[in-house]
Every structure is written in structure tokens, then in C-alpha cells.
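Residue 186 is where the sequence shown ends in this note's numbering, and the numbering goes up by one at each step. Glycine is no exception: its CB is placed at the ideal position from the N, C-alpha and C atoms.
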Amino acid sequence: AVVSTQSTGLVVLLIALAAVTARPPPPKYAGGNGQYLAGYAGGKRKGFKNLKAAMGACNRMRKACGGVTWERRHKGADKFTLRKGNAFKKSPSGEKSWKKLPPPKGRRGPRKQRYRGKNGVYLAGYAGGKRHGFKSLKQALDKCNAVKDCGGVTFERKHKGADKFTLRKGKSFKKSPSGEKSWVKA
Numbered sequence: 001a002v003v004s005t006q007s008t009g010l011v012v013l014l015i016a017l018a019a020v021t022a023r024p025p026p027p028k029y030a031g032g033n034g035q036y037l038a039g040y041a042g043g044k045r046k047g048f049k050n051l052k053a054a055m056g057a058c059n060r061m062r063k064a065c066g067g068v069t070w071e072r073r074h075k076g077a078d079k080f081t082l083r084k085g086n087a088f089k090k091s092p093s094g095e096k097s098w099k100k101l102p103p104p105k106g107r108r109g110p111r112k113q114r115y116r117g118k119n120g121v122y123l124a125g126y127a128g129g130k131r132h133g134f135k136s137l138k139q140a141l142d143k144c145n146a147v148k149d150c151g152g153v154t155f156e157r158k159h160k161g162a163d164k165f166t167l168r169k170g171k172s173f174k175k176s177p178s179g180e181k182s183w184v185k186a
């Protein structure tokens, strides 16, 4: 199969962006027997057949969902409901609940850096004062995140070696006479 350099670069960019902009891990939950969480998330009852599906839906609602309550007396199979509240209340009917826990305090790990890419441009100057080349965009973006004066990455299309992705100091796009591609920290 023949793949053009342009489409290969786009695929590499999409893979790198997916890795660089990954979502944080889902929240943890604490369970409570004989407890319920007040109010339905979104204002109306939405039930699920199992806890895993309910927690997944609750996570997608972000702050609008405080947790999940298992409605013991509900007649249908969709006993796991999304709840607005996040404080346990004593249940007169023996319900069970799982509330979202707040994220851990303090350092939560490095913030995922985002990049904006553009064709036909370069970023001026090499980060660190000399050329550092990489074989893949992902490798270059990961290293750029760790280098203090790195403003982005430029793909040197005409470079002879395999290490065409270079760390750059510049933070603004400049028109490239040789058809380079660049990604700048957003």
C-alpha cells in the first residue's frame, strides 16, 4: 500500500494528540449500605441494570451526577439510578449507594500539554541551542514537554535521517520555504 507523507503525518499527529490530551482517570467511589443519595441527576429517573454501567454514565455527566443508588424496592431490572446528591442519607427501604469521591488533594501529576499543528510552517531556533531529532511526533512531543525552553516541534521534511521531528524554541509559526510542518504548545 502506498501512503503519502502528508497522510502519514496526519495519522502520527492524531496518535500523538490522543496520547498528549488523554483524559484523567475516572473518579473513585465510596459505598454505603442502608443509604441513599438525594435527587435524580438531570432531574428525572435514569436506571441501569448494573453498577458498572451506572457508574460509567455518572462519570460522563461529570459534576451533574454525585453518585449511584440501588433502589431495592424498584420492580424493574434497572435498579441502579444516577443521583444528584453526594451526601449519604439513611434509607428507610434498605437502599445502597455509591458516592463519587473528590480527587486527591495536592499534586495530581503533570498537566497534559496540548499542541496546535499547521502545515507549511516552521518554529524558529532549536530548543536547548542544538538540534534534537526524533523518529516520531509522539517521542518529540513527550520530550518537548520535559524541556524548559521548548515551544513546539517542527517536522523537517527534507532532513536526510529518520529523526525528522525536532524540538524548537520558537512559539510562533513562520512560513516554511521547504514545506515543513509544526506543532506549537497551545
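- Query: What is the rounded straight-line gap between the Cα of Gly215 and the Cα of Arg114?
  - Reply: Since the first residue of the chain shown is 1 and the last is 186, residue 215 is not available in this structure.
- Rounded C-alpha distance that separates Lys95 from Pro25: Lys is not the amino acid found at residue 95; the sequence shown has Glu there. In this structure, the CA atom of Glu95 is about 28 Å from the CA atom of Pro25.
- Message: Measuring straight from C-alpha to C-alpha, what distance separates Gln35 and Lys63?
- Response: 20 Å
- Query: If you draw a straight line from the C-alpha of Lys28 to the C-alpha of Arg157, how long is it?
  - Reply: 45 Å
- For Val184, which residues from the same chain have a beta carbon less than 7 Å from its beta carbon, with the 5 sequence-adjacent residues on both sides left out? Tyr115, Arg116, Leu123, Gly151, Gly152, Lys171 and Phe173
- Message: Assess contact between the stretch 85-100 and the stretch 119-135, defined as three or more Cβ pairs (one per stretch) separated by less than 8 Å. Is contact present?
- Response: At 8 Å Cβ cutoff, the stretches do not touch.
- Query: Residues bridged to Asn145 by DSSP?
  - Reply: Looking at the DSSP output, Asn145 bridges to nothing.
- Does the Cβ of Val147 have 16 or more other Cβ atoms within 10 Å, making it buried, or fewer, making it exposed? exposed
- If you run the structure through DSSP and keep just helix, strand and coil, what is Ala41? helix
- Query: What residue does the alpha helix (DSSP H) around Ala57 start on, and which one ends it?
  - Reply: Leu51 to Arg60 is the span of the alpha helix (DSSP H), which, as asked, contains Ala57.
- Measuring CA to CA, which of Pro92, Pro104 and Thr154 is closest to Asn187? Only positions 1 to 186 of the chain appear in the structure, and residue 187 is not among them; the question remains open.
- Message: Helix, strand or coil, according to DSSP, for Ala77 in the structure here?
- Response: DSSP places Ala77 in coil when its eight states are reduced to three.
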